[in-house]
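J.: If you count the sequence shown from 1, position 216 lands on 389 in our numbering, and the numbers rise without skipping.
Even for Gly, the Cβ is constructed at its ideal location relative to N, Cα and C.
Just so it is clear, the structure is predicted and the values come from calculations on it, not from any experiment.
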Amino acid sequence: MTQSIITQFLSGFSVVAILIIAALGLAIIFGVAGVINMAHGEFIMVGAYTAAVVGKLGGNTLVAIPVAFVTVGLLGLLIERGIVQWIYDRPLETLLATWGVGIILQTVTKLIFGPELYYVGSPKFLAGGFRVIGRLPFPWYRLFLVIVAILLLALVFHVIFKTNLGLEVRAVRRNRAIAGCLGIDTARVDMAVFVFGSGLAGIAGAVLAPIKSVSTAMGFPYAVDSFMVLVLGGVGNLWGVAAGAGLIGEAETVLSFIFNNVIGRLLVFLFIVVTIRLVPKGIFGYYERR
């Protein structure tokens, strides 16, 4: 029994990686621009369909990643310039507007690709798996997802903490009014953040497509999990994304093995509710001095 739980714990790293990959784009947009992006799942869905198209043209996941980043990033730019830029200071309206955008994206995608499911294969060199502990093999593609999650986290950390744009983003995140008074173009920062976060959601769709059939409804579960990660870890903190994904992913994997999937998710949800009750802004949430 102990060996099986250890095996599940190791397998949980891939679930943690999936949650990090799915939540990063939302963390950037929600944490900095304050936009409750209800179309996040649809951005992931568009990234997955981009991977499907790349696959039809003979490419693989490695080719689909940059293509999905550019495609969904441009889509985010169009939405930000056309809708979101006018309602940044009205969070409830951003929720309703992006919810409507999500419905439109689902409808348009279904008109273009039809209702049938699409399947995206993983690269041939990532086929199969290896054994760590126990009898079940750990798939190479799951290890690839762990590596992608680490690289994306490193990329976002570099952009936020090692670039001039990142300095402006952090300034706007902490005090938008003062940042504007110091000459920072907050509108440009918001646009860059929305486009970058949208592109990250596109990457999420591209790398998650091989483990889930591609459909217009595939993004919703990832969007729900992404919001849970942000709420638990703390909005606007990258360490919170890693912590929230780690706790939810490992707990859900182990508890689902001990009990079943339904009870496992229920216990994780109760854990999140209790944690938020004790720590309202999340584990790594920002608290302002008064």
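Tell me which same chain residues have a C-beta within less than 6 Å of the C-beta of ALA190, skipping the five on either side of it?
T.: Excluding residues within five positions, the ones whose Cβ falls inside 6 Å are LEU318, VAL319 and ALA322.
J.: Just grab the DSSP bridge partners of ARG304 for me.
T.: Partner(s): PRO310.
J.: LEU403: buried (16+ other C-beta within 10 angstroms of its C-beta) or exposed?
T.: Burial call: buried.
J.: Which residues mark the beginning and the end of the alpha helix (DSSP H) in which GLY396 is found?
T.: Strictly speaking, residue 396 in this sequence is Ala, with Gly absent from that position. From DSSP, the alpha helix (DSSP H) with ALA396 extends over 392-406.
J.: Could you work out which residue in SER187, VAL219 and PHE298 is closest to ALA374 when comparing CA atoms only?
T.: If we check each option's Cα against that of ALA374, VAL219 comes out closest.
J.: Of the residues LYS283, ALA300, THR223 and ARG361, which one's Cα is nearest the Cα of VAL240?
T.: Checked all of LYS283, ALA300, THR223 and ARG361; the closest Cα to VAL240 is THR223.
J.: Under the rule that 16 or more other beta-carbon atoms within 10 Å means buried, what is GLY255, buried or exposed?
T.: Result: exposed.
J.: Could you give the distance in angstroms between the alpha-carbon of LEU250 and the alpha-carbon of LYS454?
T.: So the alpha carbons of these two residues sit roughly 29 Å apart.
J.: What residue range does the alpha helix (DSSP H) around VAL380 cover?
T.: 359-381 is the extent of the alpha helix (DSSP H) around VAL380.
J.: Where do the ends of the alpha helix (DSSP H) carrying THR389 lie?
T.: Unbroken run through THR389: none, as it is neither H nor E.
J.: Return the CA-CA distance between ALA352 and GLY207, expressed in angstroms with no decimal places.
T.: Cα to Cα, the separation comes out at about 15 Å.
J.: Touch check for the stretch 321-338 and the stretch 403-417: three-plus C-beta pairs under 8 Å?
T.: Result yes; three or more Cβ-Cβ pairs closer than 8 Å.
J.: Hey, would you say ILE194 sits closer than 7 Å to ALA377, going by beta carbons?
T.: Yes. Within cutoff.
J.: To the nearest angstrom, how far is the alpha carbon of THR267 from that of ALA200?
T.: The straight-line gap from Cα to Cα measures roughly 15 Å.
J.: May I ask you to report which of helix, strand or coil DSSP gives TYR291?
T.: In this structure, TYR291 counts as strand in the three-state DSSP scheme.
J.: For LYS454, which of helix, strand or coil comes out of DSSP?
T.: Coil at LYS454, not helix or strand.
J.: Please state whether the Cβ-Cβ distance between GLN181 and PHE430 is less than 7 Å.
T.: Yes; because the gap between Cβ atoms is below 7 Å, this pair is in contact.
J.: The alpha helix (DSSP H) spanning ARG349 covers which residue range?
T.: That run of the alpha helix (DSSP H) goes 349-354.
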